[in-house]
Each structure stands twice: as structure tokens, then as C-alpha cells.
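This report concerns only the one structure given below.
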Amino acid sequence: MQHTRRAPQVPGYRLGDPLGFGADGPVWAGRPVAVPDGDPVAVRLVRLDPSLVEPYRARVGGLRGLDHPHLGGVADVVAVDERTTAVVGPPVPGPTLAALRAARAPLGEREVRTLVGQVASALAHLHAQGVVHGDVSPANVVAAERGWVLIDVAGFAPTEGGTVGFVAPERRTGRPASAAGDVWSLAALAAFCAEDVPPEVERALAEDPASRPAAAELAALDAAEEPRLPAGDVLAQASLRAAALAAPTTRLGGRVRASRRRRTRSGRGVRVASAGRAGTRSGRRAARHGAPSPRRRALMAAVAASAVLVGVALGGVVAAERPERAGGAPLGPVVRELLAARDAALTAGDLDALHAISAPGSPARAQDDELWARTRGSGTRLEGLRTEVLGVEAADDDEVLVRVRQLPHVRVTPEGRRTVPAQGERCVRLRVEQGVDGARLADVGICS
């Protein structure tokens, strides 16, 4: 049986396969219908409440023509229907910072200075135009040939609150996105991918937005150091894990809570979550560099939830059997069966079996499709993929917290066999949908 993912219809463009997956869905490869052999484009669909659509389209339309080497651009804004807008821009090839951090050790001093300097330069350009990015996060920074590139400049919709772990403290109290908030998020980004950050970056973590440096000041940190990229197969696997576990974008207001209530009442969807601990600096390194400052300790706690996003291989998580779904039936055996089947399908290289455990059209299906395409495209096979369950705790009506540890497994590539060592405690959250043909995986997220 051949499985395909149907591309949406966007007036004026012919869409192909997904280029990648963000917190709110795929980013599609496309070309203009009028110029079939024209330059490729990347197309992202943004769906909003009808009352917010026109202001959003007007704001994003104003971003056309922004030109900066470290910014992704906006070439076109297309109305798809009364709720949906297609934002079109040039693709930015390269791994995201989320994938890169999942695949290698923390960035070195010159690497992190370059990252901060180049992204700050992009932010300074946006801020000079009166534009706030609003979601400076690992999934929105790409290691491209021309350096670090900040993407999704048009993605910040009025109802979005940013990515968990990278939201400035004042926004968590209800204040709007701002240039100072972008600077705080950039500093959090630096702490996420490096063990030590420059003093100038620590200043950007100030609780008071007025005490933070401007983006233009941080742009001077650029050390012109290219990031060290891991081997292709390692980076491909890390990209898949980062995409599969991309942090959810928080949304202001009660829409998420309302959807949860509807899901609980209907009994059709059940969310399973896991909780783990972020890794800590070794005692030897802490002794050499001294204890982190109070501000940095607070930051490390703030980004801990995001760190787990890029360190968990989804295949192999097994839930315990105590938690129950709406209606009282035990959820543990259902999740155990689904994820054991997923492990077996990935190990056996069986696409039909992989599709049999995910809901059609769901984020979980999209993530598995990308995982399949990249592993097969790189000639990679997995052997012995398995995860140990360390603990389970029911959180509320539709959530279960599970602490898990991935056991060693083997990655086989055209270059040879490599044993992937056991991983530490990690976090994964699953949503399971009940349909006429049984339970299937629907979505993945982090513990909140």
C-alpha cells in the first residue's frame, strides 16, 4: 500500500512535500504556478480566528522586502480561506539549532558569540522597522551556509505567546511581546545551547526589560565562527527527534484550556505526558567555573522544559498501566501496545506498520513520515530501539507523567555500525485518539 500526505491548495502555488514541521504544522515546499521552473519557495499556513485574520495579513504584508543576511524573508501573503493565510518565502536549508544541539555537545565560546551576534543583528534589523519577532527559539534558528538565520519572522500571530522556555518573564504576566522580550529570548537561546554565556548575554536575562541591552549592542559579539556540524546520519536523526518533539507554542487566552475540556468531555482524545530532569553541569566543571549566578540558575530552570525537546527519541516509550483515560478504561496497555508496535515498525523498516499506529492527517503521522523519509534517504537502520520506564504519575483528567530512559541501541549507516549509548531521563507527551479502528497516536509534546 502506498501512503501519501496530501498537500493543501494555495492559490498561485503548487505545493509538494513538507520541508519540515513546526509547532503548528508543516512548512511546505512549493513553486509558483505561473513560473513552474521558478525558484522554490517555502509555504507556511497560519490559521486564526476570523477577527484576527485581516490585521495579521496587513502586518505580515508589511514584511515584504525585508532584506538581511540573517533573516528569513517574506515574498508573498495569500488568502486561502476566511481563517487561513499562506505565508510564502525563500527556503532556508540547514539544520535548526534544536537539531544541532540534540546532535552534539554544547556550543563553544566563539560559536555561541557568533550565534548571539548574528541573530541579534537580525533582530536589530526587525526592531528598526518596528517589528517584534515574538518567538526566538531553537526551532526558529537555522545553521545555513550564510551563517545563523532567524526564520518565521511572519509567524508571530496575535494570539501566540512564544515557545515554552523561551518566553520573557514579563510576557508570562500578560504583557505584550516587545523588542526587549526578543532580547531575553535570545539570551535564553544561548543558555540552552552553551554551558557558559558571555557577560553581555547574562545582562540580557535581567527581569526588568529596561535593564537589558538592545539587540544592536549584542550584534557586536559576532565572532564569525562557523558551527561544527556532526556527521550527516547523526544530524538527520537529531533533526527528526527535534521535529517530533518540537515545543508547543503557548497561546494567550483560554483556547487551549477550552479545547482540553472539550476533549475530556468527548472521551475521544487522551493526552499522555512524561516528566524528567534536565541534565546538570558536572561537579568538576562547576568547581572550575564557580556556581552559576542566581540569574543563570533561574534561566536554567526556565529552559529545562525546552531542553528535553531535543534529547528524546520518541520510539520506544512504554507507559505504565495505572493511568486511566476518560471513561475509566486503563490507558497504559493501549499506549504500551501502540509504542511497542511503533518501535517494532521502525526497527523492521515497515512503513505500513508505522502508519497503522498513527492517526491519518495527525502531527504524529507527519512526524513519522519525515522520520521515515530521512532515515531511508540516508540509508540508516535502527536496531534494538527500546526505552525503560522509570516512573509514572497521573497529572489530571487527561494527562499522565512518565519518566523514561532510552537504552542503548545500534544505528547502521552506509559508513558502518555505531552504538548509541543510553540516554538520561527524558520527557515525552503523547496524545492518543480513539477511532472506529481503535486507538492511534495523534500528537507529541513536552510536559508542562
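Residue numbers for the sequence shown follow full-length UniProt numbering, beginning at 1 and rising by one. Heads up, the beta-carbon is just placed ideally off N, CA and C, and yes, glycines get one too. From a predicted model like this one, the values you see are computed outputs, not experimental measurements.
For Glu383, the pairing in a beta bridge is given by DSSP as Val410. Restricting attention to beta strand (DSSP E) runs no shorter than 3 residues, the region 126-152 encloses them at 141-144, 147-150, ordered along the chain.
By the criterion of a C-beta distance shorter than 8 Å, Ala210 is surrounded in its chain by Ala180, once the five residues flanking it on both sides are discounted. DSSP places Arg47 in the strand class (E or B) of the three-state scheme.
Within the region 48-114, the beta strand (DSSP E) runs of at least 3 residues that lie entirely inside it are, in chain order, 76-79, 84-89.
C-alpha of Leu15 to C-alpha of Gln406: approximately 37 Å in a straight line. Per DSSP, Ala34 has no beta-bridge partner at all. With 16 or more other Cβ atoms inside 10 Å of its own Cβ, Asp182 counts as buried. Nearest in C-alpha terms to Tyr56, of all of Leu71, Ser362, Ala79, Pro95, is Ala79. Spatial neighbours of Glu145 in its own chain (CB-CB distance under 8 Å, excluding positions within 5 residues in sequence) are listed in chain order as Pro93, Gly94.
Contact between the region 373-382 and the region 407-422 is present, with at least three C-beta pairs closer than 8 Å. Linking Gly72 to Leu48 through their CA atoms gives a straight-line distance of about 22 Å. By the criterion of at least three beta-carbon pairs nearer than 8 Å, the region 116-128 is in contact with the region 138-153. Here Val35 is exposed. Its C-beta has fewer than 16 other C-beta atoms within 10 Å.
Val420 is bridged by DSSP to His409. When the alpha-carbon of Leu115 is set against those of Arg342, Pro169, Ala191, the nearest one is in Ala191.
Leu229 sits in coil when the DSSP states are folded into three classes, being neither helix nor strand. Contact between Ala103 and Pro199 does not hold, since the beta-carbon distance rounds to 28 Å and is not under 8 Å.
Per DSSP, Glu195 lies in no alpha helix (DSSP H) and is assigned neither H nor E. Non-local C-beta neighbours of Thr84 in its own chain, meaning closer than 6 Å and more than five positions away in sequence, comprise Leu45, Arg47, ordered along the chain. With respect to Pro138, Leu97 sits close: the two C-beta atoms are nearer than 8 Å.
Around the Cβ of Pro26, a 10 Å sphere holds 16 or more other Cβ atoms; the residue is buried. Nearest C-alpha to Cys193 among Val141, Leu123, Val132: Val141. Ranked by Cα distance from Tyr13, the options Pro50, Ala86, Arg6 are led by Ala86. Here Ala442 is buried: its Cβ has 16 or more other Cβ atoms, across all protein chains shown, within 10 Å.
The C-beta distance from Ala75 to Gly62 rounds to 13 Å, too long to fall under 8 Å, and the pair is not in contact. Here Gly38 is exposed: its Cβ has fewer than 16 other Cβ atoms, across all protein chains shown, within 10 Å. Rounded to the nearest angstrom, the gap between the Cα atoms of Arg386 and Pro213 is 46 Å. The straight-line gap separating the alpha-carbon atoms of Val432 and Glu217 is approximately 47 Å.
In the structure shown, the three-state DSSP call for Gly181 is helix. Between Leu19 and Ala7, the C-beta spacing is not below 8 Å. For the pair Arg175 and Ala340, the Cα-to-Cα distance works out to about 44 Å. Taking C-beta atoms under 8 Å as the contact rule, Val77 and Val53 fail to qualify, at a distance of about 11 Å. In the structure shown, Ala204 adopts coil according to DSSP, grouped into three states. Under the 10 Å beta carbon count, Ala348 is surrounded by fewer than 16 other beta carbons and is classified as exposed.
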